[in-house]
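Numbering (my numbering), first residue to last: 1458 to 1837.
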């Protein structure tokens, strides 16, 4: 089936305004495996959008060559609402200014609607159970009603992805290495994706808190398996990952084209596209618990003076940065050190060099969970 480009209108909350989500679709609807790739859910994170642009060019060629075996949906700009949020000349695309919500939180948890609807339909056939669950997820999502345009955006995006075999949600951090978030239930199955992308950190969590997009796609499978126990075989049937394409400043054609090539090879290896993907590159890191990440917070306001660079190995007890108060009467007492509580790689740090008190300044991926972590493991 030839490529199609479909625009999905979003309901408008204001007179005279129109927004659409543009999708690029390849292969026959319902073909397997199904892959869903989106970029720009956080609308001020641009690297994924440029990567999607390059990926579309590669998929267009694959489509012309008759190489698309499964179904592929690409959403290069997933959040037209956030992309319209300019204030004082700057784009604010992480959270809805009108609703006050992070765009990548609050996706539907459909378990309570789906579980009772499928219990009498499931059986001993795992493949049959997968088909039943996917249909039930789509039906449950279709019955939900949205109170505003942000909720409808979430419902629209999830409706295209909830029945996919693999879901890649492209984001970026501030100043960062390539890294990935994925459910621990999907590891090591997702290790080929991390290796192909050259991830320098992989964080694992089953339920990180806040209902982000990737977990809304993968969580139903392990939650239903937990709910029904050994009564029915329910395999993990959606490899869903949040991929952080380095930092916000890493926007150039060479980098984006390379990332698109790697995603294309992953899709080949997973059977969505015909062709030889080549050998899986050596892994550049081990996966570690998201609960083991030390997100270092500035206890006071001031200038951030980093002592360690992105990619450095950091030891527990090591000073990663100092917060400097240039107004202090005595320069010798003007610095407050930020000390890592864990040993690991420094994979993220703030772009801004002036910190507010309570602001996250840097993050180190450790291997031992930090016991004092709160229920939510994500930064809102």
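Just so it is clear, CB atoms sit at the ideal spot from N, CA and C, and this is done for glycine as well.
* To do: Measure the CB-CB distance between residue 1777 and residue 1765 and report whether it falls below 7 Å.
  => Yes, the Cβ-Cβ distance between residue 1777 and residue 1765 is below 7 Å.
For residue 1725, which option in 1662, 1471, 1650 has the closest C-alpha, if you only look at C-alpha atoms? For the residues 1662, 1471, 1650, the minimum Cα distance to residue 1725 belongs to 1650.
Note to self: Can you check which of these residues, 1615, 1596, 1790, 1593, is closest to residue 1563 by C-alpha distance?
What the structure shows: For the residues 1615, 1596, 1790, 1593, the minimum Cα distance to residue 1563 belongs to 1615.
Quiz item: When the Cα of residue 1586 is compared with those of 1519, 1518, 1527, 1691, which residue comes out closest?
Solution: It is 1691 whose Cα lies nearest to the Cα of residue 1586.
**Prompt:** residue 1702 and residue 1622 look like a contact to me (Cβ under 8 Å); what is the Cβ gap, rounded to whole Å?
**Reply:** Not a contact, Cβ separation roughly 22 Å.
What are the boundary residues of the alpha helix (DSSP H) that residue 1661 is part of? Element bounds for residue 1661: not the alpha helix (DSSP H) but the beta strand (DSSP E), 1658–1661.
Taking 7 Å as the cut-off, decide whether the C-beta atoms of residue 1770 and residue 1834 are in contact. The answer is no: Cβ separation not under 7 Å.
Does the segment 1710–1720 come into contact with the segment 1800–1819, if we say contact requires no fewer than three beta-carbon pairs (one atom in each stretch) closer than 8 Å? Contact fails: fewer than three Cβ-Cβ distances are below 8 Å.
Exercise. Note the first and the last residue of the continuous beta strand (DSSP E) segment covering residue 1461.
Key: Here the beta strand (DSSP E) through residue 1461 covers 1461–1467.
Give, in chain order, every unbroken run of the alpha helix (DSSP H) that is at least 4 residues long and sits entirely within the segment 1463–1539.
-> Listed in chain order, the complete alpha helix (DSSP H) runs (minimum 4 residues) inside the segment 1463–1539 are 1504–1521.
Query - Length-filtered (3 minimum) beta strand (DSSP E) runs lying within the segment 1585–1639 - result: Here the runs fully enclosed are 1623–1630, 1636–1639.
**Asked** Would you say residue 1595 and residue 1620 are within 7 Å of each other, going by their C-beta atoms?
**Response** Closer than 7 Å, so yes.
Ends of the alpha helix (DSSP H) at residue 1711? It spans 1710–1726 - the alpha helix (DSSP H) in which residue 1711 sits, taken as one unbroken run.
*Check whether the Cβ atoms of residue 1704 and residue 1630 lie closer than 7 Å to each other.*
Contact flag set, yes.
Hey, residue 1681 and residue 1531 are a contact pair by Cβ (cut 8 Å); roughly how many whole angstroms apart? Contact doesn't hold; Cβ gap of about 28 Å is too wide.
Give the C-beta separation of residue 1609 and residue 1472 to the nearest angstrom, bearing in mind that I take them to be a contact with Cβ-Cβ under 8 Å. In fact, because the Cβ distance is near 17 Å, the residues do not count as touching under 8 Å.
(message) Classify residue 1743: buried if its beta carbon has 16 or more other beta carbons within 10 angstroms, exposed otherwise.
(response) Exposed, by the Cβ-count rule.
ask   = Are the CB atoms of residue 1465 and residue 1492 nearer to each other than 7 Å?
value = It is not a contact, given that the beta carbons lie outside the stated cut-off.
ask   = CB residue 1780 to CB residue 1819, shorter than 7 Å?
value = No, these two residues do not count as a Cβ contact at 7 Å.
Relative to the C-alpha of residue 1694, which residue among 1678, 1683, 1688, 1549 is closest? Out of 1678, 1683, 1688, 1549, 1678 has the C-alpha closest to the C-alpha of residue 1694.
Spatial distance of residue 1578 from residue 1593 (CA atoms): Between residue 1578 and residue 1593, the C-alpha separation is close to 10 Å.
Residue from 1798, 1667, 1505 with nearest C-alpha to residue 1707: Out of 1798, 1667, 1505, 1505 has the C-alpha closest to the C-alpha of residue 1707.
Note to self: Buried or exposed for residue 1541, going by 16 or more other Cβ atoms inside 10 Å?
What the structure shows: Counting of Cβ neighbours within 10 angstroms places residue 1541 among the exposed residues, the total staying below 16.
message = With three or more C-beta pairs closer than 8 Å as the rule, is the segment 1731–1738 touching the segment 1659–1670?
response = Verdict: no, contact absent.
* To do: Return helix, strand or coil for residue 1551, following the three-state DSSP convention.
  => Secondary structure at residue 1551: coil, using DSSP grouped into helix, strand and coil.
Exercise. How far does the alpha helix (DSSP H) with residue 1670 in it reach, from first residue to last?
Worked result: Start and end: 1670–1685.
Practice prompt. Count the other CB atoms, across all protein chains shown, that sit within 10 Å of the CB of residue 1554; report buried if there are 16 or more and exposed otherwise.
Written response: Residue 1554 should be labelled exposed.
- Could you please give the first and the last residue of the uninterrupted beta strand (DSSP E) stretch that includes residue 1577? Per DSSP, residue 1577 belongs to no beta strand (DSSP E) and is neither H nor E.
- Task: Less than 8 Å between the CB atoms is what I'm expecting for residue 1636 and residue 1658, so what's the real figure, rounded?
- Result: Cβ atoms of residue 1636 and residue 1658 come within 8 Å of each other, at about 4 Å.
Next on the checklist: Just to confirm, is the Cβ distance from residue 1478 to residue 1613 under 7 Å?
Outcome noted: Going by C-beta atoms, residue 1478 is nearer than 7 Å to residue 1613.
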